[in-house]
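Notes for the one structure printed next.
Residue numbers (this note's numbering), protein chains in the order written: chain S, 1 to 113; chain D, 114 to 227.
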C-alpha cells in the first residue's frame, strides 16, 4: 500500500524568505507525485506534478519540486515567498497499480510579515 | 466558466435530516469523485465514478449514496445526518480516471450539523 508523509503540519516563514515543504512517500512500485495548494475557503488546485523524466519539476506561482527516488522524497520549494502564498499544501501519490490518489495530511504555510 | 461547481456552498441542518449536495463539471472529464475533509484538513476519498459507473467505494456509512445521472454530474445524498458528518465535502473530476491525470476540485460544501 502507498502512503504519504508530510512531516511538518505548519511552517512559518518570513515574507521574501525561501521555503521548503517536505514530503516523503512509500510505495513498492513506480509512482506519480503531485503537490496541490488549498487557499482559504477554496478547493485544491494543482501546483505541479511528477510523472516521469526530469526529476526537477516546475509549477505555478514560482514553486518547484524535486523527485528523489533514493530518498523517496518530493519536497516543494520556493526561493522567495509572498503573503499570497499563505495556504495549506498537500502532497499526493498515485501509481498504475492503484485506482485512487493518497493525500498527505497537509502543511500549513504561514507567511510572517 | 467554473470548471467544477458544487451547490450549496454552505449547508446547516439538524441531526436526523436528509440532505443532498450537487456537483457538475464542464471539463468534459469522465471520472468524478467525492472527498470528505475534516476539521484537521485531512482529505479522504469517499466515492469515485467513471462514466456513471461506481469504481471506488471507500468505507463510508450506507447513509451516504452517490448518484451520477450522467458523466458531468455526481450528486451526494446523505440520510439521517449525524454530528460526525460535519465537514467540508469536495467534488473533483479528472480525465480518464488514469492515475497520472491531476484532479480538478470544486470549492467545497461546508456541512454543519446542529
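Glycine included, every Cβ here is placed at the ideal spot set by N, Cα and C.
Practice item. Would you check if the region 158–178 of chain D and the region 59–69 of chain S touch, i.e. whether three or more CB-CB distances between them fall below 8 Å? Key: Using a Cβ-Cβ distance cut-off of 8 Å, the region 59–69 of chain S and the region 158–178 of chain D are not in contact, since fewer than three pairs of beta carbons, one from each stretch, lie closer than that value.
Review point. Is residue 24 of chain S helix, strand or coil by DSSP?
Key: Within the first chain, numbered from 1, the residue matching residue 24 of chain S stands at position 24. In the structure shown, the three-state DSSP call for residue 24 of chain S is strand.
**Study point:** 6 Å Cβ shell around residue 135 of chain D - same chain, five flanking residues per side excluded
**Key:** On the second chain, residue 135 of chain D is found 22 positions in, with the first residue counted as 1. Same-chain partners within the cutoff: 120, 188.
Exercise for review: Could you tell me whether the Cβ of residue 212 of chain D comes closer than 8 Å to any Cβ of chain S?
Suggested key: Looking up residue 212 of chain D in the second chain gives position 99. Residue 212 of chain D belongs to the set of residues whose beta carbon lies under 8 Å from a beta carbon in chain S.
Check your understanding: Using the C-alpha atoms, what's the distance from residue 86 of chain S back to residue 108 of chain S?
Key -> The residue you call residue 108 of chain S lines up with position 108 of the first chain. The residue you call residue 86 of chain S lines up with position 86 of the first chain. One C-alpha to the other measures close to 8 Å.
Exercise for review: Output, in sequence order along the chain, the residues in the region 95–107 of chain S whose CB is closer than 8 Å to any CB in chain D.
Suggested key: Across the region 95–107 of chain S, CB contacts with chain D closer than 8 Å involve 95, 96, 98, 99, 100, 101, 103, 105, 106, in sequence order along the chain.
Point to revise | Euclidean distance between Cα positions of residue 43 of chain S and residue 215 of chain D | key: If you number the first chain from 1, residue 43 of chain S lands on position 43. If you number the second chain from 1, residue 215 of chain D lands on position 102. Straight-line spacing of the CA atoms in residue 43 of chain S and residue 215 of chain D works out to 14 Å.
Practice item. Closer than 8 Å by beta-carbon distance: list the chain D residues that pair up with residue 43 of chain S, in chain order. Key: Taking the first residue of the first chain as 1, we reach residue 43 of chain S at position 43. Simply 117, 203, 205, 218, 219, 220, 221.
Practice item. Might you give, ordered along the chain, the residues of its own chain that have their beta carbon closer than 7 Å to the beta carbon of residue 165 of chain D, omitting 5 neighbours on each side? Key: Counting from one through the second chain, the residue named residue 165 of chain D turns up at place 52. Closer than 7 Å at Cβ, skipping near neighbours: 181, 183, 184.
**Study point:** Local Cβ density within 10 Å of residue 197 of chain D, reported as buried at 16 or more and exposed below that
**Key:** Position 84 of the second chain holds residue 197 of chain D. Burial state of residue 197 of chain D is exposed, judged by a 10 Å Cβ sphere holding fewer than 16 other Cβ atoms.
Practice item. Name the one or two DSSP bridge partners that residue 118 of chain D has. Key: Your numbering for residue 118 of chain D matches position 5 in the second chain. Note: residue 118 of chain D sits in a beta bridge opposite D:137.
Point to revise | Residues sharing a beta bridge with residue 110 of chain S, DSSP | key: Position 110 of the first chain holds residue 110 of chain S. Answer is S:12.
Exercise for review: Would you mind stating whether residue 25 of chain S and residue 90 of chain S have Cβ atoms separated by less than 8 Å?
Suggested key: If you number the first chain from 1, residue 25 of chain S lands on position 25. If you number the first chain from 1, residue 90 of chain S lands on position 90. Taking 8 Å as the Cβ cut-off, residue 25 of chain S and residue 90 of chain S do not qualify as a contacting pair.
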